[in-house]
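Participant: There's a structure below that I have some questions on.
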Amino acid sequence: MIDLVYSFALLAAAWEDLKSREVSLFLCLVMAVIGAVSAGLNFLTEVAGSAIFFPSDKIMYKIAALTPGAVLLVLSRVSRGAVGEGDGWFFLATGLCLGCERTFLLLAGGILLCGLFSLPVLAMGYVYGKSRRKMEVPFLPFLVPVWLCMNMGEFL
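For what it's worth, our numbering labels the leading residue of the sequence shown as 132, then goes sequentially.
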């Protein structure tokens with residue numbers, strides 16, 4: 132169920148990023164709340180039958196899932212906005228919704244597709260003598276095909 136909700140949120144955020152080069156903080160907050168509630172319910176159902184109430188590996192797993200978003204936020208500050216701050220907030224919410232492995236896989240796939248798109252654009256700019264170094268490329272639309280590939284079997 133969380134995958135379906137995340138799919139709609141990703142599509143909305145990608146469209147917004149493509150259209151205005153911004154990601155709504157409200158959308159990220161809604162995703163974060165949904166992800167936190169879902170994670171909390173999963174945690175309670177897994178732990179309900181065991182004697183351990185707060186297993187440290189589960190807590191570290193959730194903290195690790197937030198790492199991509201935190202790194203993107205730091206990169207946004209260090210690069211003075213070259214990396215979008217909205218991308219960082221979106222990935223913090225993604226970490227809560229999807230967990231560690233899927234968040235890292237989504238980020239890596241998005242970076243790969245964005246790089247495969249940007250490299251020819253930079254090369255064409257070089258060939259025609261136009262600098263493309265300051266060109267802004269929205270990142271979240273590149274996540275949509277990665278997300279679809281990650282879930283191809285589940286959606287069919």
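Even for Gly, the Cβ is constructed at its ideal location relative to N, Cα and C.
1) If distances are taken between C-alpha atoms only, which option among C245, L250, V168 and L223 comes closest to L271?
2) Between V258 and C228, what straight-line distance do the alpha-carbon atoms span, to the nearest angstrom?
3) Since I133 and S169 should fall inside the 8 Å C-beta cutoff, what is the C-beta to C-beta distance between them, to a whole number of angstroms?
4) Whose C-beta lies closer than 8 Å to the C-beta of L142 among residues of the same chain, with five residues either side of it excluded?
5) CA-CA distance, D288 and G219?
6) Measuring alpha carbon to alpha carbon, tell me which of K193, S151 and S262 ends up nearest A224.
7) DSSP on M281, reduced to helix/strand/coil?
8) Does DSSP put K150 in a helix, in a strand, or in coil?
9) I believe K226 touches P199 by the beta-carbon criterion, under 8 Å. Please report the beta-carbon distance rounded to the nearest angstrom.
10) Pull up the CB-CB distance for E216 and S210, whole angstroms please, since I reckon it's below 8 Å.
11) Is it buried or exposed, C280, if we count other Cβ atoms within 10 angstroms and call 16 or more buried?
12) Roughly how many whole angstroms lie between the Cα atoms of I190 and G230?
13) Quick check on the DSSP output: the alpha helix (DSSP H) that includes F235 runs from which residue to which?
14) Ordered along the chain, which non-local residues of its own chain (more than five positions away) have a Cβ less than 6 Å from that of A140?
Facilitator: In terms of the structure at hand:
1) Selection C245, L250, V168 and L223 evaluated against L271 yields C245 as nearest (Cα-Cα).
2) So the alpha carbons of these two residues sit roughly 43 Å apart.
3) Their Cβ separation, rounded to whole angstroms, is 5 Å, which keeps I133 and S169 in contact under 8 Å.
4) Correct list, in chain order: V275.
5) Here the chain has residues from 132 to 287 only, and residue 288 is not among them.
6) Per the C-alpha coordinates, the member of K193, S151 and S262 positioned closest to A224 is K193.
7) Look at M281 here: in three-state DSSP terms it is helix.
8) K150 falls in the helix class under three-state DSSP.
9) The identity of residue 226 in the sequence shown is Gly, whereas the question assumes Lys. The C-beta distance from G226 to P199 rounds to 6 Å, short enough to meet the 8 Å contact threshold.
10) That pair is no contact at about 10 Å.
11) Exposed, because fewer than 16 other Cβ atoms sit within 10 Å of the Cβ of C280.
12) One C-alpha to the other measures close to 11 Å.
13) F235 -> alpha helix (DSSP H) spans C231 to V258.
14) Hits under 6 Å: M162.
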